[in-house]
Structures are given as C-alpha cells and as structure tokens.
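Q: In this note's numbering, the protein residues as written are 494 to 572.
#1: Within 10 angstroms of the Cβ of residue 533, are there 16 or more other Cβ atoms? Answer buried if so, exposed if not.
#2: Considering only their Cβ atoms, is the gap separating residue 548 from residue 564 smaller than 9 angstroms?
#3: What number of angstroms, rounded off, separates the C-alpha of residue 574 from the C-alpha of residue 512?
#4: Apart from the five residues on each side of it in sequence, which residues of its chain come closer than 6 angstroms, Cβ to Cβ, to residue 558?
#5: I'd like the span of the beta strand (DSSP E) that includes residue 551, first residue to last.
#6: If you draw a straight line from the alpha carbon of residue 516 to that of residue 567, how long is it in whole angstroms?
#7: Report the residue from 520, 527, 531 whose alpha carbon sits nearest the alpha carbon of residue 542.
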C-alpha cells in the first residue's frame, strides 16, 4: 500500500510538471556569447532578476546565484 501511495504522488507531481514553465538561462562572463566561458541552465523559477544580480532555482532544486559589480550578461529564454 505504501508503494502505491508513493507511485500516485509521483504520477501527480509528474502531471503537474508538464504545465510548469521552464526557462533556459545562459550566463556569459564577458561580452561575447557562444565562447567557452558561457554557462547554460534549465530553470524552474527565476527568483531575482536585476542588472547586477541573478538568482534562480534550477531543475534539480538547487539555488544558483550570480552577482557582479559591473553588471551581468545573461539571456533568458522560454523552453
């Protein structure tokens, strides 16, 4: 019975995740996109989006935060 409950909760959460918006965040540490220093993440939720501060929750529920005194270079796209 316990396994059936876990399975039903998993199926319910999976079904809800089909309707959640995901974002593709690309963070560049210089002015050029597409070179070797770019980092790309698939995110569930963007927590803070400002000129010098970016904070978001990735698909594995880790909170990732980038700060810069001179401003950040990032692109946010819907997936």
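Heads up, the beta-carbon is just placed ideally off N, CA and C, and yes, glycines get one too.
A: With the structure as the only source:
#1: The residue in question, residue 533, is exposed, as its Cβ has fewer than 16 Cβ neighbours within 10 Å.
#2: No, they are not a contact pair.
#3: With the chain represented from 494 up to 572, any question about residue 574 goes unanswered, as that position is not in the structure.
#4: A distance below 6 angstroms between beta-carbons, with the five flanking residues on each side excluded, links residue 558 to the following residues of its chain, in chain order: 548.
#5: In the DSSP assignment, residue 551 falls within the beta strand (DSSP E) that extends over 546-551.
#6: Looking at the two C-alpha atoms, the distance is approximately 12 angstroms.
#7: Selected option, being the one with the closest Cα: 520.
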